[in-house]
Amino acid sequence: GAGVSQSPSNKVTEKGKDVELRCDPISGHTALYWYRQSLGQGLEFLIYFQGNSAPDKSGLPSDRFSAERTGGSVSTLTIQRTQQEDSAVYLCASNLNTGGAGELFFGEGSRLTVL
Amino acid sequence: GENVEQHPSTLSVQEGDSAVIKCTYSDSASNYFPWYKQELGKGPQLIIDIRSNVGEKKDQRIAVTLNKTAKHFSLHITETQPEDSAVYFCAASDTGGFKTIFGAGTRLFVKA
Numbered sequence: 007g008a009g010v011s012q013s014p015s016n017k018v019t020e021k022g023k024d025v026e027l028r029c030d031p032i033s034g035h036t037a038l039y040w041y042r043q044s045l046g047q048g049l050e051f052l053i054y055f056q057g058n059s060a061p062d063k064s065g066l067p068s069d070r071f072s073a074e075r076t077g078g079s080v081s082t083l084t085i086q087r088t089q090q091e092d093s094a095v096y097l098c099a100s101n102l103n104t105g106g107a108g109e110l111f112f113g114e115g116s117r118l119t120v121l
Numbered sequence: 009g010e011n012v013e014q015h016p017s018t019l020s021v022q023e024g025d026s027a028v029i030k031c032t033y034s035d036s037a038s039n040y041f042p043w044y045k046q047e048l049g050k051g052p053q054l055i056i057d058i059r060s061n062v063g064e065k066k067d068q069r070i071a072v073t074l075n076k077t078a079k080h081f082s083l084h085i086t087e088t089q090p091e092d093s094a095v096y097f098c099a100a101s102d103t104g105g106f107k108t109i110f111g112a113g114t115r116l117f118v119k120a
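Residue numbers (my numbering), protein chains in the order written: chain E, 7 to 121; chain U, 9 to 120.
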């Protein structure tokens, strides 16, 4: 597709269950980012990928959060044993990143609700 | 690491007035400062950006200024219109461009 695609758009789960959120970046974009946006709040950096590697995982809130990227394309953010405080919109962005900072292209996000 | 502070958190203006949003950053190595607009239910979209080798940039009704010495930058919207109502985020990027840190956002209301 033309833009960053995220799925599911909405996910309701019970506390303690695992969830997987998927991001399909713009074709050819080498950098991929995950951010978390709690209700009415700013964008909290979680992790970024350069190709398939994640040089900076410092933003992951706990060891229940993990992410991977395969083939330099699709990325999956996994939250294990979800808690109510994990409820938020999870935004993915990609960037061409040919050696300098530039525009991030965001998807519309996956809204996670943990009951 | 980088920390970006943004003010105000909420801004209400009358249609036609100007709106100014201010941000400060902590990492003197940051050299790229984008501004994003987020409409309800959408992801943020870039509206303007500035790099550290310039002090001001303008695009129609939107302008951004940068003061590297003071480590602050501002967004100016002139002749505001109701469709400018949204949440605006400033951000700063490190020298590698790999990590963009966002401010907390400003909710702008433009009253018709």
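Glycine residues also receive a C-beta, built at the ideal position from the N, C-alpha and C atoms.
- Excluding residues up to 5 positions away in sequence, L118, T119, V120 lie with their Cβ nearer than 7 Å to the Cβ of E/S93 in the same chain.
- Ranked by Cα distance from E/G65, the first of E/I53, E/Q86, E/L27 is E/I53.
- Contact between E/Q12 and E/E114 holds: CB atoms are separated by about 6 Å, below the 8 Å threshold.
- Neighbourhood of E/G34 in chain U, by CB distance below 7 Å: empty, with the nearest CB roughly 17 Å away.
- Taking a Cβ-Cβ threshold of 7 Å, none of the residues of chain U is close to E/P67; the smallest such distance is about 15 Å.
- Annotation for E/K21: T88, Q89, Q90, V120, L121 place their beta carbon closer than 8 Å to its own, counting only its chain and skipping 5 residues before and after.
- Cβ-Cβ separation between E/S81 and E/K17: approximately 16 Å, too far for a contact (criterion under 8 Å).
- E/E91 carries a helical assignment under DSSP once its states are collapsed to helix, strand and coil.
- From the beta-carbon of E/P61, the residues of chain U found nearer than 8 Å are F106.
- According to DSSP, residue pairing for U/H80 in a beta bridge involves U/T32, U/N75.
- Contact check for U/L54 against E/E109 passes: the beta carbons are separated by less than 8 Å.
- Non-local beta-carbon contacts of U/D92 in its own chain, meaning distances under 7 Å to residues more than five positions away in sequence, involve I85, L116, V118 in chain order.
- By the C-beta density criterion, U/L48 is exposed, having fewer than 16 other C-beta atoms within 10 angstroms.
- Assignment of U/P52 by DSSP, reduced to helix, strand and coil, places it in the coil class.
- By the criterion of a C-beta distance shorter than 7 Å, E/K63 is surrounded in its chain by I53, once the five residues flanking it on both sides are discounted.
- When the five nearest sequence neighbours on each side are left out, the beta carbons in the same chain lying within less than 8 Å of the beta carbon of U/G111 are those of V12, E13, Q14, C31, F97, C98, A99, in order along the chain.
- For the set E/F71, E/N101, E/S100, E/A60, the Cα lying nearest the Cα of E/E26 is the one of E/F71.
- With a beta-carbon spacing of about 7 Å, E/A99 and E/V10 fall inside the 8 Å limit used to define contacts.
- For the pair U/T77 and E/G34, the Cα-to-Cα distance works out to about 36 Å.
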